[in-house]
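J.: Encoded as structure tokens, here's the structure I'll be asking about.
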Amino acid sequence: MSQIVTRIAPSPTGYMHIGTARAALFNWLFARHHNGRFLLRIEDTDRSRSTPEATEAIYRGMKWLGMDWDGEAISQFARADRHADVAHQMLANGTAYKCYATKEEIDAFREAAREAGRPPLFLSPWRDSAETPDLPYVIRLKAPRDGETTINDVVQGTVTWKNETLDDMILLRSDGTPTYMLAVVVDDHDMGITHIIRGDDHLTNAARQSQIYTAMGWDIPVFAHIPLVYGPDGKKLSKRHGAMGVEEYQAMGYYPDAVMNYLARLGWSHGDDEFFTMKQAIDWFRLEDVVKSPARFDFKKLENLSGQHIRAADNETLLAKLEEFLSATGQTDLTDAQKRLMFAGMDGMKERAKTFPELLEMAHFILGTRPFVPDEKAAKLLDTVSRGMLNRLTSRLRGVSWTHDILEAEIRAFAETEEIGLGKVAQPLRAALTGRTISPSVFDMMVLLGKDESIARLEDASV
RNA sequence: GCGCCCUUCGUCUAUCGGUUAGGACGCUAGGUUUUCAUCCUGGAAAGAGGGGUUCGAUUCCCCUAGGGCGUACCA
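Numbering-wise, the first sequence is residues 3 to 465 according to this note's numbering.
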């Protein structure tokens with residue numbers, strides 16, 4: 003078989019829908035699995051919505067998720083002349099006709115049909131007319147009225163429609179611009195798309211589009227209509243559910259590979275594998291393993307996967323991703339000194355975080371500055387009794403060598419002297435060191451911070 | 001209305017006629033632990049309903065119910 007070519011064709015709406023990202027992912031996985039090409043086409047025929055910024059949002063979303071496309075993105079709008087040209091070719095070869103029916107006539111036809119209990123499909127009187135009045139017209143496909151149209155869909159199987167349920171769709175509007183139906187077919191054909199992988203809301207379109215391919219004598223690509231994703235309540239995904247746009251997921255601080263991992267598992271599976279890299283997904287991906295039923299979005303599972311990916315990431319990559327998060331959300335960059343400490347302390351922080359905001363929370367002892375004002379819970383731990391205890395501990399620590407093992411031994415011994423559990427020492431110590439009740443190991447933090455800084459923080463807290 | 005698609009634990013899914021219906025998230029009981037998290041062990045939890053076909057159906061077929069998508073001079 004010749005090289006496989008897939009595409010994602012989003013329309014620029016100002017953000018990249020998470021469902022679009024998933025369709026892109028399946029196309030991308032499939033193309034990469036087969037060493038094929040994955041193309042990007044911007045469906046920017048709606049001029050009012052198609053701004054450079056909206057297109058930029060798509061690029062950003064794709065890049066953040068790590069999906070690279072081959073060649074330059076193609077503008078559908080720029081190809082309008084070619085689309086019109088094809089419509090006229092169809093006119094010439096008799097597979098399309100000029101229809102002079104007005105909007106009012108069509109509406110009246112539909113209404114009458116509905117009242118009579120007949121299908122509201124418009125049957126144009128101009129279909130077989132030889133007349134060519136000097137009036138505005140649209141070009142309609144002369145779709146077959148008898149027989150059936152069948153598509154062989156890799157995911158949906160063989161799906162058949164009676165042609166009488168499909169009408170003569172408009173290809174070229176009266177103002178000479180192409181409709182979506184025409185444009186996709188022409189573009190997909192010209193771009194050499196071999197496999198069309200898209201949401202199953204396009205299933206019916208596939209039948210109508212295949213009629214255009216047939217009319218032009220073009221090869222029909224392989225269709226794969228993947229099930230849609232809904233919100234946690236089974237309703238269409240909307241703002242109400244928290245997030246629709248890819249950038250919102252980025253802003254919430256999910257690890258990008260985890261979003262991809264999660265999206266891939268919605269409707270596709272490889273045995274019992276739940277956690278995997280994109281490299282593995284590319285290796286495993288087969289259209290045959292995509293299910294037909296729709297899935298609901300589960301933020302809990304996404305969060306869990308994000309945690310797994312953060313834990314599995316090497317510290318250097320993780321730090322880079324964190325910086326990307328910081329800049330994407332407009333937060334201040336890390337200084338070199340902070341980066342060094344973050345890198346050194348990453349092991350202790352990453353296993354405690356599922357998202358970047360949580361990672362940042364764990365890094366408070368590095369990113370914050372003295373004096374560390376305790377939050378409400380931490381303040382409770384630093385009562386008079388604890389501060390006295392901390393004072394005694396501090397003077398004892400002034401004389402010791404600052405290594406993890408020595409500090410641990412020293413503090414454990416101190417707890418015994420005080421006749422309290424280690425926890426009773428560690429918690430106030432943590433509060434003094436970070437102003438929080440949650441953090442990485444106190445011993446690890448002290449080593450990372452160094453003796454002077456640690457002692458200084460303890461002194462701050464004992465006042 | 002018509003057309004098409006879907007239906008296994010709460011959620012995502014495995015099962016390609018014969019399984020104690022498996023895994024994951026979540027939930028829950030316990031263990032490890034300086035907090036949190038991680039990690040480890042256990043538990044509850046599913047074939048929409050009804051007909052067939054078959055020695056045997058979650059699996060194949062039909063009907064019903066429920067859900068979704070489409071039915072534009074939108075994409």
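Yeah, the Cβ is synthetic: ideal placement off N, Cα and C, and Gly gets one too.
Return the CA-CA distance between residue 264 and residue 301, expressed in angstroms with no decimal places.
T.: Here residue 264 corresponds to residue number 262 of the first sequence, with the count starting at 1. Here residue 301 corresponds to residue number 299 of the first sequence, with the count starting at 1. Distance between the alpha carbons of residue 264 and residue 301 is about 10 Å.
J.: Going by C-alpha to C-alpha distance, which of 139, 161, 200, 100 sits closest to residue 177?
T.: Residue 177 sits at position 175 when you count from the first residue of the first sequence. The shortest C-alpha separation from residue 177 is found at 139.
J.: Which residue or residues does DSSP assign as beta-bridge partners of residue 270?
T.: On the first sequence, position 268 is the one that residue 270 refers to. DSSP lists 292 as partners of residue 270.
J.: Between the Cα of residue 153 and those of 204, 194, 121, 388, spot the shortest distance and give me the residue it belongs to.
T.: Along the first sequence, one-based indexing puts residue 153 at 151. Answer by Cα proximity: 204.
J.: Tell me the start and end of each unbroken beta strand (DSSP E) in the region 56 to 131 that is at least 3 residues and wholly inside, in chain order.
T.: 98 to 101
J.: With a CB to CB cut of under 8 Å and the five nearest residues on each side skipped, what residues in its chain are close to residue 409?
T.: In the first sequence, residue 409 corresponds to position 407, counting from 1. Excluding positions up to five away in sequence, the list reads 399, 402, 445, 448, 449.
J.: My output table needs one value for residue 228: the three-state DSSP class, helix, strand or coil.
T.: Within the first sequence, the letter at position 226 stands for residue 228. In the structure shown, residue 228 sits in a strand (DSSP, three-state: E or B).
J.: Is it true that the CB of residue 361 sits closer than 8 Å to the CB of residue 324?
T.: What you label residue 324 is simply residue 322 of the first sequence in a count that begins at 1. What you label residue 361 is simply residue 359 of the first sequence in a count that begins at 1. In contact: residue 324 and residue 361 (Cβ atoms closer than 8 Å).
J.: Nearest-angstrom Cα distance between residue 95 and residue 219?
T.: Against the first sequence, residue 95 aligns to sequence position 93. Against the first sequence, residue 219 aligns to sequence position 217. Cα atoms of residue 95 and residue 219: separation of roughly 11 Å, rounded to the nearest angstrom.
J.: Kindly indicate which residue of 31, 375, 180 has the alpha-carbon position closest to the one of residue 46.
T.: Your numbering for residue 46 matches position 44 in the first sequence. Out of 31, 375, 180, 180 has the C-alpha closest to the C-alpha of residue 46.
J.: Taking contact to mean at least 3 C-beta pairs separated by less than 8 Å, is the region 93 to 107 in contact with the region 120 to 136?
T.: Judged by pairs of C-beta atoms under 8 Å, the region 93 to 107 touches the region 120 to 136, as three or more such pairs exist.
J.: Determine the extent of the alpha helix (DSSP H) in which residue 319 is found, giving its start and end residues.
T.: Taking the first sequence and counting its residues from 1, the one referred to as residue 319 is at position 317. It spans 317 to 330 - the alpha helix (DSSP H) in which residue 319 sits, taken as one unbroken run.
J.: Between the C-alpha atoms of residue 66 and residue 260, what's the straight-line distance to the nearest angstrom?
T.: In the first sequence, residue 66 corresponds to position 64, counting from 1. In the first sequence, residue 260 corresponds to position 258, counting from 1. Taking the straight line from one Cα to the other gives about 12 Å.
J.: Under the three-state reduction of DSSP, which class applies to residue 404: helix, strand or coil?
T.: For the purposes of this step, residue 404 is identified with residue 402 of the first sequence, where counting begins at 1. Reduced to three states, the DSSP call for residue 404 is coil.
J.: Does the distance from the CB of residue 40 to the CB of residue 199 come in under 8 Å?
T.: As a working note, residue 40 is residue 38 in the first sequence. As a working note, residue 199 is residue 197 in the first sequence. Contact: no.
J.: Taking 6 Å as the limit between beta carbons, can you name the residues of its chain near residue 284, skipping five residues before and five after?
T.: Within the first sequence, the letter at position 282 stands for residue 284. Here the set comprises 31, 34, 35.
J.: Any idea what DSSP makes of residue 197, helix, strand or coil?
T.: Residue 197 sits at position 195 when you count from the first residue of the first sequence. Strand.
J.: Are the beta-carbon atoms belonging to residue 1 and residue 155 less than 8 Å from one another?
T.: Lying before the first or after the last residue shown, residue 1 is absent from the chain, which here runs from 3 to 465.
J.: With residue 77 and residue 48 assumed to form a contact (beta carbons below 8 Å), what rounded beta-carbon distance in angstroms separates them?
T.: Indexing the first sequence from 1 puts residue 77 at position 75. Indexing the first sequence from 1 puts residue 48 at position 46. That pair is no contact at about 12 Å.
J.: Using a Cβ-Cβ cutoff of less than 6 Å, which residues in the same chain neighbour residue 383 once the five nearest sequence positions on both sides are dropped?
T.: Along the first sequence, read from residue 1 onward, the residue named residue 383 stands at position 381. So the list reads 429, 430, 433, once near-sequence residues are dropped.
J.: On the premise that residue 21 lies in contact with residue 307, defined as a C-beta separation below 8 Å, what is that separation, rounded to the nearest angstrom?
T.: Translated into positions along the first sequence, residue 307 becomes position 305. Translated into positions along the first sequence, residue 21 becomes position 19. Contact flag wrong, Cβ pair sits at about 18 Å.
J.: Go ahead and pull the three-state DSSP assignment for residue 30.
T.: Translated into positions along the first sequence, residue 30 becomes position 28. Helix at residue 30.
J.: Would the beta-carbon of residue 42 fall within 8 Å of that of residue 75?
T.: As a working mapping, residue 42 is identified with position 40 in the first sequence. As a working mapping, residue 75 is identified with position 73 in the first sequence. Result yes, Cβ atoms of residue 42 and residue 75 sit closer than 8 Å.
J.: Once the 5 residues before and after residue 144 are set aside, which same chain residues still bring their CB inside 6 Å of it?
T.: Here residue 144 corresponds to residue number 142 of the first sequence, with the count starting at 1. Setting aside the 5 residues that flank it on each side, residue 144 is surrounded in the same chain by 97, 98, 99, each with a C-beta closer than 6 Å to its C-beta; the list follows chain order.
J.: Tell me which residue opens and which closes the beta strand (DSSP E) that residue 163 is part of.
T.: Taking the first residue of the first sequence as 1, we reach residue 163 at position 161. Looking at the DSSP string, the run of the beta strand (DSSP E) that includes residue 163 is 159 to 164.
J.: Identify whether residue 44 lies in helix, strand or coil by the three-state DSSP scheme.
T.: Within the first sequence, residue 44 is the residue found at index 42, counting from 1. Of the three classes helix, strand and coil, the one that applies to residue 44 here is strand, per DSSP.
J.: What do you get for residue 52, buried or exposed, if any count of 16 or more other CB atoms within 10 angstroms of its CB means buried?
T.: Here residue 52 corresponds to residue number 50 of the first sequence, with the count starting at 1. Result: buried.
J.: Report all residues from its chain with a CB closer than 6 Å to the CB of residue 347; omit the five preceding and five following residues, and keep chain order.
T.: Position 345 of the first sequence holds residue 347. Only 450 meet the Cβ criterion.
J.: How about the region 357 to 371 and the region 326 to 343: do they share at least three Cβ pairs that are nearer than 8 Å?
T.: yes
J.: Between residue 317 and the rest of its own chain, which residues show a CB-CB distance below 6 Å, the 5 nearest in sequence each way excluded?
T.: Here the question's residue 317 lines up with position 315 in the first sequence. Only 345, 348 meet the Cβ criterion.
J.: State yes or no: is the C-beta of residue 427 within less than 8 Å of the C-beta of residue 413?
T.: For this step, residue 427 is matched to residue 425 along the first sequence. For this step, residue 413 is matched to residue 411 along the first sequence. Yes, the pair counts as a contact, with Cβ atoms nearer than the cut-off.
J.: Exposed or buried, which one is residue 37 when buried takes at least 16 other CB atoms within 10 Å?
T.: As a first step, residue 37 must be located in the first sequence, where it is residue number 35. That one is exposed.
J.: Of the residues 407, 172, 117, which one's Cα is nearest the Cα of residue 183?
T.: By 1-based counting over the first sequence, the position of residue 183 is 181. Measuring from the Cα of residue 183, the nearest candidate turns out to be 172.
J.: Determine the extent of the alpha helix (DSSP H) in which residue 206 is found, giving its start and end residues.
T.: Within the first sequence, the letter at position 204 stands for residue 206. Element bounds for residue 206: 205 to 218.
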